[in-house]
Amino acid sequence: MIVDEPTSKRNWREEHLAQASTLRPELHRYCARLLGSVIEGEDVVQDTIARALVALQTLDEPPPLRPWIFRIAHNRALDVLRARAVRNAEASAAANHEETAIPDSEELLMREEAVHTAVSRFSELPTMQRSVVILKDVLDESLSEIADLLGLSVDAVKAHLARGRTRLKQINAQANVIPEAGPASAAVARYVTLFNQRDWDALRALLADDVKLVQSAHAPRVGSAEVGSFFTHYAKMEGVWLAPAWLDGREVIAVFENAGDSKPSYMMWLEWQDGRISSIRDYRYVRYVIADAALTPARTP
1 MIVDEPTSKR NWREEHLAQA STLRPELHRY CARLLGSVIE GEDVVQDTIA
51 RALVALQTLD EPPPLRPWIF RIAHNRALDV LRARAVRNAE ASAAANHEET
101 AIPDSEELLM REEAVHTAVS RFSELPTMQR SVVILKDVLD ESLSEIADLL
151 GLSVDAVKAH LARGRTRLKQ INAQANVIPE AGPASAAVAR YVTLFNQRDW
201 DALRALLADD VKLVQSAHAP RVGSAEVGSF FTHYAKMEGV WLAPAWLDGR
251 EVIAVFENAG DSKPSYMMWL EWQDGRISSI RDYRYVRYVI ADAALTPART
301 P
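Below, the structure written as structure tokens:
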């Protein structure tokens, strides 16, 4: 006989999933800085939500949601960093720095520095310092909460925080001016032009047979027939306007909901193979990504 899942258990699982979605912007602020990329940060957020969904099915009691899901995101981000072979020896390089007490006024200045630091610069910090600085200065977590999440003592958190803040200040002082963005590639310029002309048939003709569409919070779509409906939805939206742009050396597309807007609402990122679109990432449903993105308009040739 099949026994239905108790209603109370089903209810707390549904509540946890709903609450987890509300944490996505904060998870992204953390993961994007930890990885030094707003795009990779969102990939980890998506993976985190998916893993949380699977894990919830195996739990009999509701976990404390915020620390639980941040721990999933943290561990997944570390997996990505290990795959990139980030130098782990950095952590010992700052071991001889002494921790010093920071007055309240200086504390505020340190936090301001972290919040306004470009996402990509955090990758120059050793991983543990990076995690602690982001959690404390960007997300305003308490020292004890950070210690629990990272499996450290509060004193160790304080030490990583002091060293990370000092190093981040040095990085910002030595940072070069963001280089001028390059011109749009011919492929992206053509895509943008066809989109702005509402030539949906011509855009569908650019899709590879096995093209993949990724829109956060929605299941991926694969194949030119299925992905072609992407343009059908945009055909119903008046005023949407695209412009070529660059983000951390990657060519992307800025999306303006109205042609007269001064700032984009979100972005797209396309991948190409043999002159056809192999992948579309549309960030319409996760607009927090653009908040942390140093998006620069492409230079006019």
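Heads up: the sequence shown at position 153 corresponds to 153 in this note's numbering, and the numbers run straight through without jumps. The C-beta atom is built at its ideal place from N, Cα and C for all residues, glycine as well. From a predicted model like this one, the values you see are computed outputs, not experimental measurements.
Taking 7 Å as the cut-off, the beta carbon of residue 24 is found closer than this to the beta carbon of residue 45.
Where residue 25 is concerned, the enclosing alpha helix (DSSP H) starts and stops at 24–35. For the pair residue 143 and residue 157, the CB atoms are nearer than the 7 Å cut-off. If you draw a 10 Å sphere on the C-beta of residue 57, you find fewer than 16 other C-beta atoms in it, and that means exposed.
By the Cβ rule, the stretch 32–40 does not count as touching the stretch 48–63, because fewer than three pairs are nearer than 8 Å.
The DSSP-derived three-state label of residue 145 is helix. By the CB criterion at 7 Å, residue 254 and residue 245 fall inside the cutoff. Around the beta carbon of residue 53, a 10 Å sphere encloses fewer than 16 other beta carbons of the protein chains shown; the residue is thus reported as exposed.
In the DSSP assignment, residue 241 is bridged to 256. Per DSSP, residue 286 is not a residue of any alpha helix (DSSP H), being assigned neither H nor E. Taking a C-beta distance under 7 Å as the contact criterion, residue 207 and residue 188 do not qualify as a contact pair. Within the DSSP bridge table, the entry for residue 264 names no partner.
One alpha carbon belongs to residue 154, the other to residue 295, and they sit about 37 Å apart. In this structure, the CA atom of residue 202 is about 17 Å from the CA atom of residue 241. With a cutoff of 7 Å on beta-carbon distance, residue 230 and residue 200 are scored as not near each other.
Nearest in C-alpha terms to residue 163, of all of 297, 29 and 126, is 126. Annotated three-state conformation of residue 297 is strand, per DSSP. Counting only runs of 4+ residues, the alpha helix (DSSP H) found wholly inside the stretch 202–234 occupies 224–227, in chain order. Annotated three-state conformation of residue 57 is coil, per DSSP. The DSSP-derived three-state label of residue 183 is strand. Looking at 84, 293, 210 and 81, the one whose alpha-carbon comes closest to that of residue 271 is 210. Counting the other Cβ atoms within 10 Å of the Cβ of residue 22 gives fewer than 16, which makes it exposed. One Cα belongs to residue 121, the other to residue 77, and the distance between them is close to 16 Å. DSSP lists 214 and 269 as the beta-bridge partner residues of residue 281. DSSP places residue 156 in the uninterrupted alpha helix (DSSP H) bounded by 154–174. In the DSSP secondary-structure assignment, residue 247 is bridged to 250 and 295.
Less than 7 Å divides the Cβ of residue 267 from the Cβ of residue 252. Straight across, the Cα-Cα distance linking residue 205 with residue 191 is about 11 Å. Per the C-alpha coordinates, the member of 248, 222 and 281 positioned closest to residue 297 is 248. One alpha carbon belongs to residue 264, the other to residue 238, and they sit about 15 Å apart. Cβ-Cβ distances below 7 Å link residue 273 to 208 in the same chain, with the five nearest sequence neighbours on each side left out; the list follows chain order. C-alpha of residue 59 to C-alpha of residue 75: approximately 19 Å in a straight line.
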